[in-house]
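For reference, the structure discussed in these notes is given below.
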Ligand SMILES: [Zn+2]
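Residue numbers (this note's numbering): 19 to 291.
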């Protein structure tokens, strides 16, 4: 049988088109298949979440001291050596380092060496005026928490002056010199004098320099409760007017190894070291 040249041409064209369509369909299906993970394939997901806002909680199986030193190590990158002046100050004022509010700035070490270093640190703080005061400044989150406590119940400042709140290096030096003599600092450094730390902080170490402390006139349990509920606690035993912004609720303080110490009916949260 002889196929007409016209018909032969048509058959070739159809075959060619069919082949192209076939190749195209196969390519598409291979492509689609390659886009879908097979059930057995392992998908490696890169975790791109930034962990800045995540809190560091120490392993709860560790003892109090280890839990506290763990958070200090996390915040300060090095723990002051045992029995040094820095360690004594960490014991007295170190509760502050459990603070992990990303808006809060903590000092890079337990003692700021001089006025220059203090100014450099304070220049980077976001200080906010406490509502209803003329000159009481605190770090923003601490001020807001205190405002919130005061919206529940009135809580007066101790003197009403700026010294109740954030202080300059010069002010802390003046307070220190008022209560001590020329040999006191040396005795503190040698660990022979600790009582003074409840009365006044050595220059460069006051929580008032860090914008996270207040001196208040608290006279009843409702005021205490309002402060505690908003992250404010008494942390220096016998320094009754002194309140520290820790930024956690009471239950959380235990996670960082802080101990509650009741002295003359007042609950203080202190370091376990
Ligand atoms: Zn104070």
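Glycine is no exception: its CB is placed at the ideal position from the N, C-alpha and C atoms.
Computed from a predicted structure; not experimentally measured.
Within 8 Å, strictly: CB atoms of residue 185 and residue 226: Yes, these two residues count as a Cβ contact at 8 Å.
Beta-carbon proximity list for residue 249, same chain, < 7 Å, skipping 5 on both sides: Hits under 7 Å: 163, 263, 264, 265 and 266.
Just to confirm before moving on: does the CB-CB distance between residue 236 and residue 113 stay below 8 Å? Their beta carbons are not under 8 Å apart, which means residue 236 does not touch residue 113 by this criterion.
Taking all protein chains shown into account, decide if residue 179 is buried (16 or more other Cβ within 10 angstroms of its Cβ) or exposed. Residue 179 is exposed by the Cβ-count criterion.
So is residue 325 buried or exposed if we call it buried at 16+ other beta carbons inside 10 Å? Beyond the ends of the chain as shown, which are 19 and 291, falls residue 325; an answer cannot be given.
Should residue 209 and residue 129 be called a contact, given that it needs their Cβ atoms to be closer than 8 Å? Result no, Cβ atoms of residue 209 and residue 129 do not sit closer than 8 Å.
From this set, 173, 202 and 91, which residue's C-alpha is nearest residue 148's C-alpha? Of 173, 202 and 91, the smallest CA-CA separation from residue 148 is found for 173.
Considering residue 106, what are the terminal residues of the alpha helix (DSSP H) in which it resides? Taken as a continuous stretch (DSSP letters only), the alpha helix (DSSP H) holding residue 106 covers 103-111.
Between which two residues does the beta strand (DSSP E) carrying residue 145 extend? Taken as a continuous stretch (DSSP letters only), the beta strand (DSSP E) holding residue 145 covers 145-147.
Quick check on residue 254: buried or exposed, where buried means 16 or more other Cβ atoms within 10 Å of its Cβ? Residue 254 is buried by the Cβ-count criterion.
Once the 5 residues before and after residue 211 are set aside, which same chain residues still bring their CB inside 7 Å of it? Answer for residue 211: 202 and 205, listed in chain order.
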